[in-house]
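What follows is a single structure, written as structure tokens, with notes after it.
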């Protein structure tokens, strides 16, 4: 990694959202991983917001930017990093940006790890879309200097928790993004007549299918892969077919059944929602093992 080749002006940037202080840059590097690009890391003074910006060379730039949102709780600006971004390698990060002539914006979505921003506190709007939006505005300001023109199109996308926040970004902000892609989103489940936070019910169906299908799951995946038979039910028992049907009825898309065999961190959902489940039915855990009619007892 070499020294940066030109100086960017950050002092002239005035945040659109007055919640955020002046931007700062604490890392400015020339990187070569995947493709040559300029990497800038920084944040906004007085807040927990951090960002990573990845600017492709002038000759690759085609007036676009992409902004992936980390799933789960968020909290990191390095999930899609061009050097060691595990999520980007799986679902499209800097390599995708290079391919479409875009620079990439990544933020921690307003907070570091699982800690709330000291200034934002419980203000969920900062974490949902405001931190992502202000970082993207600042990146546009820098792009206009580096490329002599700001991007004409920008897109935000995310899965799981990032899916819900990508939707809130496009619904609440009108001067940053031109489109959003949401996928693998959680679902809200009615509880005692009221809506509660997303339960991620489809994950339960995934684990049930994984358990019931067992070794037969490999055949389901193979049947629906390119060149497969297209008949995922072949060789399955009635019980196994029912588990697969339940999964599909929950909204699980055909063609990505490999996710059932190799789930990507969904077990963490247990930790996030166990308290809510207990509040809904506190007697279940004891009854499962002690009362007739429950699978654990029987």
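Residue numbers (this note's numbering): 3 to 300. Glycine residues also receive a C-beta, built at the ideal position from the N, C-alpha and C atoms. Since we're looking at a predicted model, the values are computed, not measured.
Keeping to the same chain, check which residues put their C-beta closer than 8 Å to that of residue i; ignore five residues upstream and five downstream.
i, result
"residue 297", "290"
"residue 88", "81"
"residue 172", "158, 179, 181, 182"
List the endpoints of the continuous beta strand (DSSP E) containing residue i.
i, result
"residue 29", "25-33"
"residue 182", "181-185"
"residue 50", "Unbroken run through residue 50: none, as it is neither H nor E."
"residue 42", "39-46"
When burial is assigned at 16 or more other CB atoms within 10 Å of the CB, is residue i buried or exposed?
i, result
"residue 228", "exposed"
"residue 174", "exposed"
"residue 13", "exposed"
"residue 2", "Absent from the structure is residue 2, since the part of the chain shown begins at 3 and ends at 300."
"residue 3", "The predicted position of residue 3 is uncertain, since its pLDDT is 36 and thus under 50; no value can be drawn from it."
"residue 286", "exposed"
"residue 280", "exposed"
"residue 246", "buried"
"residue 215", "buried"
"residue 76", "buried"
"residue 123", "exposed"
"residue 120", "exposed"
Starting from residue i, trace the alpha helix (DSSP H) in both directions and tell me its first and last residue.
i, result
"residue 288", "286-292"
"residue 164", "163-174"
Excluding sequence positions up to five away, which residues of its chain have a Cβ less than 7 Å from the Cβ of residue i?
i, result
"residue 312", "Nothing can be reported for residue 312: it is not among the residues displayed for the chain, which extend from 3 to 300."
"residue 127", "none"
"residue 262", "208, 211, 212, 219"
"residue 99", "56, 58, 68, 105, 106"
"residue 257", "226"
"residue 11", "147"
"residue 15", "25, 140, 143"
"residue 224", "230"
"residue 35", "84, 85"
"residue 149", "60, 63"
"residue 237", "218, 221"
"residue 243", "235"
"residue 293", "299"
Can you find the residues in the same chain that come closer than 6 Å, C-beta to C-beta, to residue i, ignoring five residues on each side of it along the sequence?
i, result
"residue 135", "175, 178"
"residue 18", "139"
"residue 64", "103"
"residue 38", "59"
Sequence ranges, alpha helix (DSSP H) only - wholly within the region 204-269, length at least 4: Listed in chain order, the complete alpha helix (DSSP H) runs (minimum 4 residues) inside the region 204-269 are 219-226, 240-251, 260-263.
Inter-stretch contact at 8 Å, needing at least 3 Cβ pairs: the region 23-31 / the region 42-62: Segments in contact, yes.
Runs of beta strand (DSSP E) lying entirely within the region 54-79, each at least 3 residues, in chain order: If we require 3 residues or more, the beta strand (DSSP E) runs fully inside the region 54-79 come out as 66-71.
Ranges of the beta strand (DSSP E) found wholly within the region 93-144, counting only runs of at least 3: Listed in chain order, the beta strand (DSSP E) elements of length 3 or more contained wholly in the region 93-144 are 104-109.
Cβ contact check for the region 105-119 and the region 49-56: 3 or more pairs under 8 Å: Segment contact: the region 105-119 against the region 49-56, three or more CB-CB distances shorter than 8 Å; contact assigned.
Cβ contact (3+ pairs, closer than 8 Å) linking the region 151-165 and the region 61-76: The count of Cβ pairs closer than 8 Å, one atom from the region 151-165 and one from the region 61-76, reaches three, so the stretches are in contact.
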